[in-house]
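Visitor: In our numbering, the protein residues as written are 44 to 118. Encoded as structure tokens, here's the structure I'll be asking about.
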């Protein structure tokens, strides 16, 4: 079994351990997004996680395109 690495020695998203306190992480992210506790309370946990992914643009269905030489030339 090969270990996935990003080249810097840090674990990638697939290797990262789940958060120790997911409940607190969700509350912090919800507050940073500007939601009140009442608004967060209206979500189910899976809906809040999906909402956070949509808000941050980290939806699992999106695939990141590898940069090519033309991208570096434009940069």
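No residue lacks a Cβ here, since even glycine has one placed at the ideal position from N, Cα and C.
Measure the beta-carbon distance from residue 83 to residue 70 and round it to whole angstroms, keeping in mind my assumption that it falls under 8 Å.
Guide: Translated into positions along the chain shown, residue 83 becomes position 40. Translated into positions along the chain shown, residue 70 becomes position 27. That belief holds up - the Cβ atoms of residue 83 and residue 70 are roughly 7 Å apart, short of 8 Å.
Visitor: By the 10 Å Cβ neighbour count, where 16 or more other Cβ atoms means buried, how is residue 100 classified, buried or exposed?
Guide: The count along the chain shown starts at 1 and reaches residue 100 at position 57. It counts as exposed.
Visitor: Apply the 10 Å Cβ neighbour rule to residue 77 and answer buried if 16 or more other Cβ atoms are within range, or exposed otherwise.
Guide: What you label residue 77 is simply residue 34 of the chain shown in a count that begins at 1. Classification of residue 77: exposed, given that the 10 Å Cβ count is below 16.
Visitor: What's the gap between the Cα of residue 74 and the Cα of residue 61?
Guide: By 1-based counting over the chain shown, the position of residue 74 is 31. By 1-based counting over the chain shown, the position of residue 61 is 18. If I take the Cα positions, the gap works out to 20 Å.
Visitor: Where do the ends of the alpha helix (DSSP H) carrying residue 89 lie?
Guide: Within the chain shown, residue 89 is the residue found at index 46, counting from 1. Residues 88–99.
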